[in-house]
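> Residue numbers (this note's numbering), protein chains in the order written: chain A, 6 to 262; chain B, 6 to 262.
Number of protein chains: 2
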Amino acid sequence: MITSTANRRVKWVRALQTKRHARQEEGVFVIEGVRLAREAVASQSPINLVLHTDHLNTRERGLVNNLARLGAEVEVVSDSVMSACSSTESPPGLLVVLPIPTIPPPERLSLALVLDRLADPGNLGTILRTALAAGVETLFLTKGTVDPFNPKVVRSAMGAHFHLPIEFLEPRALAKRLEGLETWIAEVGQGVLYHEVNWHKPSALIIGCEAHGPQPAIRSLAKDQVQIPMKGPSDSLNAAIAAAVILFEIVRQRGES
Amino acid sequence: MITSTANRRVKWVRALQTKRHARQEEGVFVIEGVRLAREAVASQSPINLVLHTDHLNTRERGLVNNLARLGAEVEVVSDSVMSACSSTESPPGLLVVLPIPTIPPPERLSLALVLDRLADPGNLGTILRTALAAGVETLFLTKGTVDPFNPKVVRSAMGAHFHLPIEFLEPRALAKRLEGLETWIAEVGQGVLYHEVNWHKPSALIIGCEAHGPQPAIRSLAKDQVQIPMKGPSDSLNAAIAAAVILFEIVRQRGES
């Protein structure tokens with residue numbers, strides 16, 4: 006059992022949990038808990054490392070065996086080492102390091118979501134989870150967006166990382182990828198009402214940063230603005246909420262054919 | 006200038022920030038930052054106390070004067086005292102203690118939202134903000150729901166506390182308040198598709214706790230279940246997202262008359 010945070014693997018995990026560049030350099034990230042570990046097994050991803058405490062039940066031990074079959078080194082750690090490695094206040098007792106998934110987007114997109122400089126990790130995770138449920142086929146992120154493999158994002162996304170293609174793009178490359186899509190940008194109090202747009206054509210939706218909205222280079226990629234009407238004294242919605250309301254209107258319209 | 010966290014007022018603010026029973030016993034709560042303080046002034050609420058650092062600009066000083074006119078005692082505090090009082094990692098330099106608003110709901114409700122044992126403060130705050138923007142007229146909470154005057158809730162709600170009536174109710178009292186409303190409960194994978202419901206009648210929507218859904222006593226208040234269809238491998242949505250998608254469908258349908 007590893008009982009010291011000076012252990013080489015423990016130091017590695019802690020760096021991966023806290024440093025974006027450590028994740029990027031090595032192309033790996035960390036997931037915590039049984040639910041996400043099951044998703045990893047289901048995705049048949051290779052697995053680098055499993056750390057767990059010695060309080061696992063029989064099913065959890067089975068899960069660790071499945072992770073080991075995918076190539077994981079397995080280490081038992083003390084509770085205090087797990088606390089030091091976990092990004093949560095109540096560590097789930099099981100932590101997995103694995104490669105950042107590379108999921109190919111479909112060749113012809115019918116629904117893409119662009120997030121411009123989203124800063125809040127909880128929001129980004131919630132958007133990932135929502136986008137997957139709404140049938141978004143690929144997620145484009147601009148420079149300045151929080152790392153989608155940040156532990157808070159991973160936690161809120163509830164496994165969406167194993168299914169949804171995610172790409173960081175410069176505005177010029179993004180413009181190329183959006184060719185052939187009707188691209189709309191969500192704005193507060195400006196543009197067409199979101200439910201009056203005809204969403205049957207292949208479409209992309211741009212959601213801007215929480216505080217300042219989208220940057221000009223990204224704004225110029227949109228054909229037009231779209232807004233969600235608001236009642237009373239409200240002057241804006243949370244970015245994840247705005248994305249959800251528009252995405253599920255797209256689902257609704259397309260379902261009616 | 007107050008420079009010690011042993012100061013009586015500083016201790017009081019710290020208790021209000023961290024202890025639900027302290028807020029409840031005294032009927033006050035804490036808001037932070039210029040944006041929420043402006044909302045408080047606009048609401049003409051009496052104000053108990055303002056703490057601020059000495060880095061305010063001219064407009065912020067004007068705001069403090071307006072708060073003082075509403076009855077606030079005003080104290081300048083050191084940066085470290087402000088850090089100790091603030092619930093955020095980057096304290097905004099201005100913090101206000103004021104009575105918990107009592108906003109009367111309309112006598113006849115046409116749209117109510119019920120939250121059953123919602124545990125996540127960020128989710129509750131986002132739902133408050135979203136509910137206000139969707140024209141929800143009153144928010145009913147059941148025992149076991151996180152305190153809506155918890156600092157994280159207050160921060161995410163972006164001022165909705167000054168406009169939206171919030172009531173904690175036991176199931177029996179809740180049943181009484183829902184009389185005359187068509188009450189729907191959001192479930193995962195069960196019930197009528199949310200966009201196939203006719204939302205023109207006076208309605209209530211029940212959203213259950215993130216992990217376990219609604220409890221039986223609350224479930225039995227609903228006439229029927231409603232669901233949001235999901236694509237691919239998704240098996241649930243964040244509670245705030247589910248609330249938003251259904252509430253804005255209600256707005257959409259009612260807007261079409």
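By construction, the Cβ of each residue, glycine as well, lies at the ideal position given by its N, Cα and C atoms.
Values in this document were obtained by computation on a predicted structure and should not be read as measured data.
Could you confirm whether any beta carbon from chain B is found closer than 8 angstroms to the beta carbon of A/N155?
no
> On the three-state DSSP scale, how would you describe A/I223?
helix
> What number of angstroms, rounded off, separates the C-alpha of A/E172 from the C-alpha of A/I190?
18 angstroms
> Excluding the 5 residues flanking B/L198 on each side, which residues of the same chain have their C-beta closer than 7 angstroms to its C-beta?
Q232, P234
> CA-CA distance, B/S225 and B/S241?
22 angstroms
> Please confirm if B/T107 has its CB atom under 8 angstroms from at least one CB of chain A.
no
> Go to B/W17, then tell me how far its alpha helix (DSSP H) extends in each direction, as first and last residue.
13 to 23
> Could you say which of B/H57, B/G127, B/C90 lies nearest to B/E215 if we only look at CA atoms?
B/G127
> Between A/P207 and chain B, is any beta-carbon pair separated by less than 8 angstroms?
no
> Indicate whether A/I7 and A/S83 have their beta-carbon atoms separated by less than 8 angstroms.
Yes. Within cutoff.
> Rounded to a whole number of angstroms, what is the C-alpha to C-alpha distance between A/S91 and A/S48?
23 angstroms
> CA-CA distance, A/N71 and A/H57?
14 angstroms
> Output yes or no for whether 8 angstroms exceeds the beta carbon distance between A/V39 and A/L99.
yes
> Counting along the chain, where does the alpha helix (DSSP H) carrying B/Q258 start and finish?
244 to 261
> By Cβ distance below 6 angstroms, which residues in the same chain neighbour A/F34 in space, the five residues on each side in sequence not counted?
R28, I105, F154
> Using beta-carbon positions only, say whether B/E254 and B/H200 come within less than 8 angstroms of one another.
For B/E254 and B/H200, yes; Cβs fall inside 8 angstroms.
> Tell me, please, whether the CB atom of B/T93 is closer than 8 angstroms to any CB atom in chain A?
no
> In the structure shown, what three-state DSSP assignment does A/S239 receive?
coil
> What residues in the stretch 123 to 146 of chain B bring their beta carbon closer than 7 angstroms to a beta carbon of chain A?
G127, T131, R134, T135, L137, A138, A139, G140
> Out of B/Q258, B/E261, B/P219, which one is the CA nearest neighbour of B/G150?
In the sequence as displayed, the identity of residue 150 of chain B is Thr instead of Gly. Distance from the Cα of B/T150 is smallest, within the candidate group B/Q258, B/E261, B/P219, for B/P219.
> For B/V250, which of A/A45, A/T135, A/D121, A/Q230 has the nearest alpha-carbon?
Distance from the Cα of B/V250 is smallest, within the candidate group A/A45, A/T135, A/D121, A/Q230, for A/T135.
> Taking Cβ-Cβ distances shorter than 8 angstroms, what residues in chain B pair up with A/V250?
A249, V250, F253
> Since I believe A/V141 is in contact with A/L252 (beta carbons under 8 angstroms), could you give me their beta-carbon distance rounded to a whole number of angstroms?
7 angstroms
> Among the residues of its own chain, which have a CB less than 6 angstroms from the CB of A/P96, if the five just before and after it don't count?
M87, S88
> What does the Cβ neighbour count give for A/R257, buried or exposed, with the cut at 16 atoms within 10 Å?
Counting other Cβ atoms within 10 Å of its Cβ, A/R257 reaches 16 or more and is therefore classed as buried.
> State the Cα-Cα distance for the pair B/T188 and B/F145, rounded to the nearest angstrom.
13 angstroms
> Check whether the Cβ of A/H168 lies closer than 8 angstroms to any Cβ atom in chain B.
yes
> Return the residue from the list A/R177, A/K228, A/K181 that minimises the CA-CA distance to A/V202.
A/K228
> Can you list, in chain order, the residues of its chain whose CB lies under 7 angstroms from that of B/M163, leaving out five sequence neighbours each side?
R134
> Is any beta-carbon of chain B found at less than 8 angstroms from that of A/R257?
For A/R257, the answer is yes, since a Cβ of chain B falls inside 8 angstroms of its Cβ.
> Specify, as a first and last residue, the run of the beta strand (DSSP E) that B/S208 falls within.
208 to 212 is the span of the beta strand (DSSP E), which, as asked, contains B/S208.
> Within 8 angstroms (strictly less), CB to CB, does B/K16 reach chain A?
no
> Please report the straight-line C-alpha distance between B/G213 and B/L123, rounded to a whole angstrom.
7 angstroms
> How is the beta strand (DSSP E) around B/R104 delimited, first residue to last?
Note on residue identity: the sequence assigns Pro, not Arg, to residue 104 of chain B. That run of the beta strand (DSSP E) goes 99 to 104.
> Rank B/P156, B/S50, B/E184 by C-alpha distance to the C-alpha of B/K24 and give the top, closest one.
Nearest option by C-alpha distance: B/P156.
> For B/I52, does the three-state DSSP call read helix, strand or coil?
coil
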